[in-house]
Amino acid sequence: MPASKKVILFIDTSHAYARGLLEGIANYSGLFGPWMFYTSLGQKGQTHRKLKQWNADGIIIRETHDQEILEKLLSLQLPTIIAPHSQRQISGLPNIIGDGLGAGKIAAEYLLDRGFRKFAFCGMSNSYWSDDRFKGFEHVIKQSGLDVQNFTLKNEFTEKSEKKITEWLLSLPKPNGMLACNDEKAHYIVELCNNAGINVPDEIAVLGIDNDQLVCSLTKPALSSVAINQKKAGFEAAKLLDRLMSGEYPEKQTIIASAVRVITRGSTDVIAVDDADVSKAVKYIRENAQNPIQVTDVLENASFIGRRALEKKFRKHLNRTIYEEIKKVRIKYISDMLLDSNFSVYQIAIKFGYSSPAHIARYFRQATGVNPEDFRKSNSELKAKP
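FYI, in the working numbering the residues of the sequence shown are 1 to 386.
Below is the structure:
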């Protein structure tokens, strides 16, 4: 039996992104290892000697502000994969990079779907990843002919800066759909809104990124967030490192941590449409989308006006038809059930009123481009928690 490979992990565990990477690495080790991990670097003066004595085979590192430790790790000249933090990509090494543009895009589409027409972004100064998330967000919003108000936070939080941010929040046009660059900043924004008497989500709906379930659950109301597939990225990084440690030189040496979907919680659980007819119809659709409802059901049960008038209002406020809204909500519910339950595709088909798995698979594939089983397999670790 071959000896277990020894891997140095230098990854901070205080953030959900890094913890997700570690889970993916551990999952790979469990399936194809086991590997031995060295995670305690000890005092600086002892670090280099200890690491050399351990005789490691490879390294996965999250870029750190401690340049001395980074240089010592790289000086070992072992197969190394790095997750950059202060810059988009580090040349000369395989990289794990986040899809900031994709996260911003998903966030914008989500808030637009909820009827918002006023938008804001709260980012961090001197952070490429925050800039990328803003660019993806702004691009989609501007494509819809709308604008985003942007506020950049400094790294230090003082009474003066808190007052300035609160004044900005009070000045925003409402209802407003806001994206914060990560969950920690979104939590901070919700706290300031609560202190200033701004209702979340009715006046400002706040959306974070990274789906840090601890931060999201400690926020009141609970924080909605864009989920990033960190576990899959960690798994793929470990797979790449395994090949490098075996003497291979794969052509693809960049791992993408993709943004996948929004996990809806209380901070965005609102329909921002200033029209009673549309709001009532959308509420009915969302409450009944698990049933095989048609446009006629919406008209009979949730509308006091004719189809032509309601269709016109849907296009004005949501930029889609009643049928398109039904389909969009049903696909969202099917996706959530695939990821958040252990029901088989057959069981999900029955729950949604389909006579066979083939029917729901065709419906789902036409809308998403993938069949239900493949969707579940590729995103299986993105389970929502309240």
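Glycine included, C-beta positions come from ideal geometry on N, C-alpha and C.
Shown here, residue 100 sits in a helix according to DSSP, grouped into three states. The beta-bridge partner set that DSSP reports for residue 149 consists of 120. Looking at the backbone, the Cα of residue 297 and that of residue 281 are separated by about 10 angstroms. Annotated three-state conformation of residue 169 is helix, per DSSP. Counted as a single uninterrupted DSSP element, the alpha helix (DSSP H) harbouring residue 364 occupies residues 357 to 368. In this structure, the CA atom of residue 38 is about 12 angstroms from the CA atom of residue 61. In this structure, residue 179 sits away from residue 272, with a CB-CB distance that is not shorter than 8 angstroms.
Cβ contact annotation for residue 166 (same chain, cutoff 8 angstroms, sequence separation greater than five): 192, 195, 196, in chain order. Within the region 260 to 284, not a single complete beta strand (DSSP E) segment reaches 3 residues in length. DSSP, reduced to helix, strand and coil, places residue 3 outside both helices and strands of the structure shown, so it counts as coil. With a contact defined as Cβ atoms closer than 8 angstroms, residue 325 and residue 314 qualify at about 7 angstroms. For residue 225, the enclosing beta strand (DSSP E) has its first and last residue at 224 to 228.
Boundaries of the beta strand (DSSP E) around residue 205: 204 to 209. When C-alpha distances from residue 26 are compared across 354, 245, 358, 236, the shortest belongs to 236. Shortest Cα-Cα distance from residue 228 to any of 9, 10, 266, 21 involves 21. Residue nearest to residue 86 within the set 68, 102, 112, 125 is 125 (criterion: CA-CA distance). For residue 182, no alpha helix (DSSP H) encloses it, and the DSSP letter there is neither H nor E.
Contact between residue 331 and residue 349 is absent: CB atoms are separated by about 14 angstroms, not below the 8 angstroms threshold. Residue environment for residue 305: exposed (fewer than 16 other C-beta atoms within 10 angstroms of its C-beta). If you compare the alpha carbons of 88, 59, 68, 83 with that of residue 77, the shortest gap goes to 59.
Boundaries of the beta strand (DSSP E) around residue 37: 36 to 38. DSSP places residue 254 in the uninterrupted beta strand (DSSP E) bounded by 254 to 257. Annotated three-state conformation of residue 352 is coil, per DSSP. Here the alpha carbon of residue 184 sits roughly 7 angstroms from the alpha carbon of residue 215.
DSSP lists 83 as the beta-bridge partner residues of residue 62. The straight-line gap separating the alpha-carbon atoms of residue 238 and residue 202 is approximately 43 angstroms. Bounds of the alpha helix (DSSP H) holding residue 27 are 16 to 32. Where residue 136 is concerned, the enclosing alpha helix (DSSP H) starts and stops at 128 to 143.
With 16 or more neighbouring CB atoms inside 10 Å of its own CB, residue 73 falls in the buried class. Taking a contact as a CB-CB distance under 8 angstroms, the pair residue 120 and residue 143 does not count as one, their CB atoms being some 17 angstroms apart.
As the crow flies, the alpha-carbon of residue 138 is around 7 angstroms from that of residue 147. For residue 88, there is no enclosing alpha helix (DSSP H), as DSSP marks it with neither H nor E.
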